[in-house]
Structure formats: structure tokens, C-alpha cells
Amino acid sequence: GAGVSQSPRYKVAKRGQDVALRCDPISGHVSLFWYQQALGQGPEFLTYFQNEAQLDKSGLPSDRFFAERPEGSVSTLKIQRTQQEDSAVYLCASSPESGGTEAFFGQGTRLTVV
Amino acid sequence: AQSVTQLDSHVSVSEGTPVLLRCNYSSSYSPSLFWYVQHPNKGLQLLLKYTSAATLVKGINGFEAEFKKSETSFHLTKPSAHMSDAAEYFCVVTLYNFNKFYFGSGTKLNVKP
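As given, the protein sequences belong to chains D and V, one line each in that order.
For the first sequence, my numbering begins at 1 and goes up steadily by one.
For the second sequence, my numbering begins at 115 and goes up steadily by one.
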């Protein structure tokens, strides 16, 4: 498809388990963003990539969260030793420009930690 | 610092009546502002954006918003609601570099037949 694709759509993890969430941006898009959306709240910024460079990771809540985009296309958000407060929808967005004036969002991955 | 306040968590209107979703922002710099819509099980979709051009911005599906600097507001309106407008709407502010979006907490719009 032509949109931003995220997988898996749903993930249930036991507390303490590591998870990896994948984002396939629109082909050729320079910018890639990750956001976390807790239940009943608006999305909150996690991190931003320009090509393969992670230019801003100020929103990552702890050192258990790690994101990468090694070849400037697909990105993975990894959460180590998951905790219940990590339960949320994780949204990926991409933009053809540096920055997100025309950001296109994926459907998200709903993570539930039990 | 940047922030967005959406004044209503839920809005209910009858089909064919006007829609008003309120948004106030706080920004240390000249902001860019957006409205996104989120339908159930679908990704966020851009409705419209203000980036320092015309203060009255027209978007998709008949929505428009007016940037009022004196009131620090960016309210979303539509003259006549349609059943398909039922969704959650987010007001978003960002700075000139567009590297980080600040979302409001969202307004759920319900449209009654």
C-alpha cells in the first residue's frame, strides 16, 4: 500500500518481556516520528529521525525505550522489560520533508502489557 | 513551551447543524497549527493546517479553522455536520522546524441523526 504501515497491529506482552514494533514509512520520506498515545489522551512525542539520524529522542520515557532507523527507511521501536505503564498505542508518522508539515500517520500498534 | 488545550472532551450535534470544536494554544514562538481527525481503527488524517499564511484555513470535508493570535485560538468549524464526521479530533501545535508536534487531549464528536 501507499501509506505508513505498522506491525504488529496488536501486541500483548507479559511484564518484563521485550517487544519490537515496526514502522514502514512511505517510500522516500525523509522524516519519521514515533508517538505514544495512552488511553483517552492525545499522542505524545517520543522521537524523530531525519533519514537514519535520530535528531531528537527527548520524548523517550526511559532508557528501556530504544528506536532505530539504520538505513533511513524502516524503523523499529524497541521496549525492553515492558511494564504495565507502557500499555498504549504507538504511532508512527512519516513526512517527505525535514520536519512534519505533511505528516502521514500509520494506524498504530496497540501494546497491552499484562 | 508549547501546549494545546482542547476545551471540550465531547461534543454532540445533530446532523445538519453547525460544528464548533475549540482549541487554545500556548507557544513561545510563532506557531504552526493543525487539526487531525482519527476515525476508529484508522490512522490520524490531516484536516487542515495553518503555517503563517492566511488566517482562515480551509480543509477537507468542508471543515475550516481561523487562527486568532490575540485570542491564541484555532477553533475548528463546519457549517453542517454529517454522520461521517463522527470521530475524534486533535488540535496540534508545532514550531517552525516541525520536528515535534504537541497534541491536545482530543475532542470526540458525536453526530446524532
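Glycine residues also receive a C-beta, built at the ideal position from the N, C-alpha and C atoms.
Nothing here was measured: the structure is a model prediction, and the numbers come from that model.
Beta-carbon proximity of residue i to residue j, cut-off 8 Å
i, j, result
"residue 176 of chain V", "residue 163 of chain V", "no"
"residue 127 of chain V", "residue 203 of chain V", "no"
"residue 121 of chain V", "residue 223 of chain V", "no"
"residue 131 of chain V", "residue 218 of chain V", "no"
Residue-level contact to chain D via CB, residue i, 8 Å cutoff
i, result
"residue 165 of chain V", "yes"
"residue 156 of chain V", "yes"
"residue 214 of chain V", "yes"
"residue 220 of chain V", "yes"
Interface flag, residue i vs chain V, CB-CB below 8 Å
i, result
"residue 112 of chain D", "no"
"residue 105 of chain D", "yes"
"residue 90 of chain D", "no"
"residue 63 of chain D", "no"
"residue 86 of chain D", "no"
N- and C-terminal bounds of the beta strand (DSSP E) containing residue i
i, result
"residue 207 of chain V", "201–208"
"residue 124 of chain V", "124–128"
"residue 66 of chain D", "65–68"
"residue 53 of chain D", "53–56"
"residue 74 of chain D", "No beta strand (DSSP E) holds residue 74 of chain D; DSSP gives it neither H nor E."
"residue 24 of chain D", "19–24"
Amino acids of chain V, ordered along the chain, whose beta-carbon sits closer than 9 Å to that of residue i
i, result
"residue 10 of chain D", "Here the premise fails: no neighbours, minimum Cβ distance about 11 Å."
"residue 4 of chain D", "157"
"residue 55 of chain D", "213"
Amino acids of chain V, ordered along the chain, whose beta-carbon sits closer than 8 Å to that of residue i
i, result
"residue 82 of chain D", "Within 8 Å Cβ-Cβ: nothing; residue 82 of chain D doesn't reach chain V, min ~23 Å."
"residue 101 of chain D", "146, 163, 165 and 212"
Residue i: contacting residues in chain D (beta-carbon distance under 9 Å)
i, result
"residue 204 of chain V", "42 and 43"
"residue 217 of chain V", "35, 37, 41, 42, 43, 44 and 45"
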